[in-house]
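Below is one structure, written out as structure tokens, with a few remarks after it.
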Amino acid sequence: MKTFFLTLASFLVTLHLLGQDRTTPKYMFMNGFDFQLENIDKLKYVGHFNIYIPVSESKKWGFNVGLLKLNNLNNDSIARYQQDNVLSNPLDHLVVGSSYNKQYNKYTTKTSVSTYSAYFQVLRKIIFTSDVSLSVHGHAELLISKISSATTIDTIATRTVLIENEAQIPSSTTIIPYLVKYKGSNYSSAAGNFGLGLTLDYNYNKKFSLFAQGTAGWSLEHPSNASMGNIGYDGYQKNWFYLFRTYFQYNTSSSANTQLLIGTDFRGILGQVPLNSIYLGVNLDIENITNLITK
Numbered sequence: 003m004k005t006f007f008l009t010l011a012s013f014l015v016t017l018h019l020l021g022q023d024r025t026t027p028k029y030m031f032m033n034g035f036d037f038q039l040e041n042i043d044k045l046k047y048v049g050h051f052n053i054y055i056p057v058s059e060s061k062k063w064g065f066n067v068g069l070l071k072l073n074n075l076n077n078d079s080i081a082r083y084q085q086d087n088v089l090s091n092p093l094d095h096l097v098v099g100s101s102y103n104k105q106y107n108k109y110t111t112k113t114s115v116s117t118y119s120a121y122f123q124v125l126r127k128i129i130f131t132s133d134v135s136l137s138v139h140g141h142a143e144l145l146i147s148k149i150s151s152a153t154t155i156d157t158i159a160t161r162t163v164l165i166e167n168e169a170q171i172p173s174s175t176t177i178i179p180y181l182v183k184y185k186g187s188n189y190s191s192a193a194g195n196f197g198l199g200l201t202l203d204y205n206y207n208k209k210f211s212l213f214a215q216g217t218a219g220w221s222l223e224h225p226s227n228a229s230m231g232n233i234g235y236d237g238y239q240k241n242w243f244y245l246f247r248t249y250f251q252y253n254t255s256s257s258a259n260t261q262l263l264i265g266t267d268f269r270g271i272l273g274q275v276p277l278n279s280i281y282l283g284v285n286l287d288i289e290n291i292t293n294l295i296t297k
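Taking the working numbering, the leading residue of the sequence shown gets 3, the next gets one more, and so forth.
Right under this line is the structure:
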């Protein structure tokens with residue numbers, strides 16, 4: 003709850019400053035997909051809504067507000083092997099003369115993460131020319147993570163064990179009635195991220211533009227890694243976070259009604275597995291869409 007109110011306060015301050023600014027903002031409404039090179043057939047939707055008021059020659063301050071939905075490429079997969087004692091029949095009661103199965107099993111756990119980011123940034127100009135600007139920015143973000151984890155079990159070898167005396171009867175803690183071949187779970191978490199960073203905005207010949215940011219700061223209530231190394235739900239922690247975000251835009255026409263966009267997003271918590279995404283999309287300028295509708 004504290005995270006929500008801190009982020010909401012940042013949002014309200016940013017909206018107030020946006021209302022005082024007279025510079026024409028740049029609107030983005032990007033729809034596309036992100037993908038994995040090894041699984042090119044598994045495309046997932048990416049959406050980005052953004053209002054960006056850049057710094058200028060006469061203006062020291064700028065603002066950047068947006069909503070971004072991403073799927074992360076690092077579908078974390080971890081395999082482990084172990085021996086399991088499994089009853090031949092779940093209703094069996096082991097006594098001398100009965101039998102059970104000793105199995106050598108492979109456990110494969112895969113974890114995937116989708117993130118929903120609401121971010122608010124205030125920019126302060128450092129360098130400005132006709133083609134490039136460099137600014138320092140303050141960053142406030144509400145990050146919602148949806149974590150899906152699935153474990154599959156493959157039996158590599160099985161041996162039937164006949165109990166010949168009481169000493170061979172396994173204890174109740176070392177034998178299971180049956181083996182579940184698939185286990186799945188889904189979790190959601192919300193974290194507040196607050197930090198500082200640098201923003202690079204480069205424009206070339208009104209055709210190409212590059213927007214790049216690096217941010218570092220403090221993350222509140224983020225999910226910690228699970229004991230197996232996968233991203234999981236083993237509790238919440240406070241720690242340092244980092245974020246590197248870029249997108250390259252190509253204007254398809256001189257009027258710049260539509261842009262092709264290639265973006266990358268690389269973020270992480272210090273000491274944990276990072277999340278990353280590569281996506282391709284089409285940006286429809288909201289201002290131009292509004293003009294077309296009202297004409």
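Glycine included, C-beta positions come from ideal geometry on N, C-alpha and C.
query = Quick one: what's A169 bridged to in DSSP?
reply = Paired residue(s): none; A169 is not in a bridge.
inquiry  = Tell me which residue opens and which closes the beta strand (DSSP E) that D267 is part of.
reply    = Membership of D267 in the beta strand (DSSP E) is indicated by the continuous run 260 to 271.
query = For Y204 versus V134, is the C-beta spacing smaller than 8 angstroms?
reply = Contact check for Y204 against V134 passes: the beta carbons are separated by less than 8 angstroms.
query = To the nearest whole angstrom, what separates the beta carbons of T217 and G197, a pair I think is in contact under 8 angstroms?
reply = Rounded, the Cβ-Cβ distance is 5 angstroms, consistent with contact.
message = Under 8 angstroms, with one C-beta from each stretch per pair, do the stretch 138 to 152 and the stretch 81 to 93 reach the 3-pair mark?
response = Two segments are said to touch when three or more pairs of C-beta atoms, one from each, lie closer than 8 angstroms; by this definition the stretch 138 to 152 does not touch the stretch 81 to 93.
Segment contact flag, the stretch 157 to 166 with the stretch 119 to 129, C-beta cutoff 8 angstroms, min 3 pairs = Touching, no, given that fewer than three Cβ pairs across the two stretches are closer than 8 angstroms.
ask   = Would V67 be called buried (16 or more neighbouring beta carbons within 10 Å of its own) or exposed?
value = Around the beta carbon of V67, 16 or more other beta carbons sit within 10 angstroms, so the residue counts as buried.
request  = Measure the Cβ-Cβ separation of I80 and T111 and say whether it is below 8 angstroms.
outcome  = Result yes, Cβ atoms of I80 and T111 sit closer than 8 angstroms.
Alpha carbon of K208 to alpha carbon of T117, nearest angstrom = Whole-angstrom Cα-Cα distance: 32 angstroms.
ask   = Out of curiosity, what's the CA-to-CA distance linking K108 and I171?
value = Their Cα atoms are separated by approximately 24 angstroms.
request  = Assign Y102 to one of two classes, buried (16 or more other C-beta atoms within 10 Å of its C-beta) or exposed (fewer than that).
outcome  = For Y102, the number of other beta carbons within 10 angstroms of its own is at least 16, and it is reported as buried.
Counted within 10 angstroms of its Cβ, other Cβ atoms place Q251 as buried (16 or more) or exposed = Q251 should be labelled buried.
query = Where does N241 land, buried or exposed, given buried means 16+ other C-beta within 10 angstroms?
reply = In the assembly as shown, N241 is an exposed residue. Its beta-carbon has fewer than 16 other beta-carbons within 10 Å.
query = By Cβ distance, which residues of its chain are closer than 8 angstroms to L96, with the 5 residues on each side in sequence left out?
reply = L89, Y102, I165, I171, P172, I177, listed in sequence order.
ask   = Taking the continuous beta strand (DSSP E) assigned at D156, which residues delimit it?
value = Start and end: 134 to 164.
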